[in-house]
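Going by numbering that gives the first Met the number 0, the first residue of the sequence shown is number 0, and it counts up by one from there.
Note that CB positions come from ideal geometry on N, CA and C, so glycine has one too.
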Amino acid sequence: MSSEHTAPPPVGRGWCVDCERYVGDAMAVAYAQGNSGPGKVLEACVAHAREYAALWFAPQWLKDDIAALDAAERSSTYEPQKGHSPPSQSGT
């Protein structure tokens, strides 16, 4: 499937599982199944979602969502949330 004709994924306010805080640019990165009761949607900021999508075991739909997001950003039809970057991993 070509990402040029795919709408970008929904991005909005949510809890980033890596930043461990609310962010303005959260998107779904995983769907956890529940044995009894509803499942759960895990979200991450776009920066961490890109990291997840690069992993070998990332689901194809996440890779497709990142590709669609990149295509939308290149075509200037997408305005990303400003003011968020993931915290640095340095020990300082």
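For this session: Return the chain-ordered ranges of every alpha helix (DSSP H) run that is complete within the region 43-82 and spans a minimum of 4 residues.
Result: 45-52, 59-73
Exercise. Exposed or buried, which one is E19 when buried takes at least 16 other CB atoms within 10 Å?
Worked result: exposed
For this session: Could you check what DSSP says for V40 in three-state terms: helix, strand or coil?
Result: strand
Problem set entry | Alpha-carbon spacing of G82 relative to G38, whole angstroms | Bear in mind that a pLDDT of 48 at G82, under 50, signals an unreliable position, so the number given afterwards is only what the model happens to contain. About 31 Å.
Exercise. Whose C-beta lies closer than 6 Å to the C-beta of M0 among residues of the same chain, with five residues either side of it excluded?
Worked result: Confidence in M0 is poor, its pLDDT being 46 and thus under 50, which makes the residue's placement unreliable; the coordinate value appears in the next sentence. Cβ within range, chain order: n/a, list empty.
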